[in-house]
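Structure, as structure tokens:
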Amino acid sequence: MKKYRSSVSIIVFALFAVSAVTGFVIYFMPHPKGPRPEVVDAVRTVSFGLVMKKTHEYVSMVMAGAALFHIYLNWNSLKSYIFSAKK
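FYI, in our numbering the residues of the sequence shown are 181 to 267.
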């Protein structure tokens, strides 16, 4: 059961991390054609089904915080899972 919980922790962390990374890439992406290139507009429209300006970026910043908080709360579990996987 402990190994299952560790696997779930890693999956949850991975989901938070992927969302955070994509949001930061979109947020800090250079804007060669002015402040709102078409690629960023398309991603904003598609992400989470919301059309609000910069929604994905702000939600991703929250996800980054959640990922770090998740690591902090589950550090011992993650550490034991990683070291047991190496054996």
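Glycine included, every Cβ here is placed at the ideal spot set by N, Cα and C.
A direct Cα-to-Cα measurement between residue 188 and residue 195 gives close to 11 Å. Under the 10 Å beta carbon count, residue 240 is surrounded by 16 or more other beta carbons and is classified as buried. When secondary structure is reduced to three states using DSSP, residue 256 falls in the helix class. In its own chain, leaving out the 5 sequence neighbours on each side, no residue places its CB closer than 7 Å to the CB of residue 253. With 16 or more other Cβ atoms inside 10 Å of its own Cβ, residue 199 counts as buried.
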